[in-house]
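Note sheet for the following structure.
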Amino acid sequence: MGDWVLSESWGNTLNNKGSVHHTIFHCYHEARAQLREISRKQKSLGFKKTVSKEQQIELDFG
Numbered sequence: 000m001g002d003w004v005l006s007e008s009w010g011n012t013l014n015n016k017g018s019v020h021h022t023i024f025h026c027y028h029e030a031r032a033q034l035r036e037i038s039r040k041q042k043s044l045g046f047k048k049t050v051s052k053e054q055q056i057e058l059d060f061g
């Protein structure tokens, strides 16, 4: 099985007032542990989860 990549973004990357960071993990459990740590930090800073509906688009490559 391959590596796992955790991508974090913050701010507004469209106007260069944000940033994106990618971290490679060699196993799923390491990546999930990092996600849990990020979640703990966000909760301690007062972040709240919001639910947004994902929109699927159909692409025709034929």
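Under numbering that gives the first Met the number 0, think of the first position of the sequence shown as 0, with each following residue one higher.
Ideal placement from N, C-alpha and C gives every residue a C-beta, glycine not left out.
Item                                                                                                                                                                 : Value
Along the chain, where does the alpha helix (DSSP H) containing Ser38 start, and where does it finish?                                                               : 27–43
Just how far apart, CA to CA, sit Gly10 and Ala32?                                                                                                                   : 23 Å
With a threshold of 6 Å on Cβ separation, who are the neighbours of Arg35 within its own chain once the five nearest residues in sequence on each side are excluded? : none
By DSSP, does Leu13 sit in helix, in strand, or in coil?                                                                                                             : helix
Would the beta-carbon of Val4 fall within 9 Å of that of His21?                                                                                                      : yes
Name the DSSP beta bridge partners of Thr7, please?                                                                                                                  : For the record, residue 7 in the displayed sequence is Glu; it is not Thr. Bridge partners of Glu7: His20.
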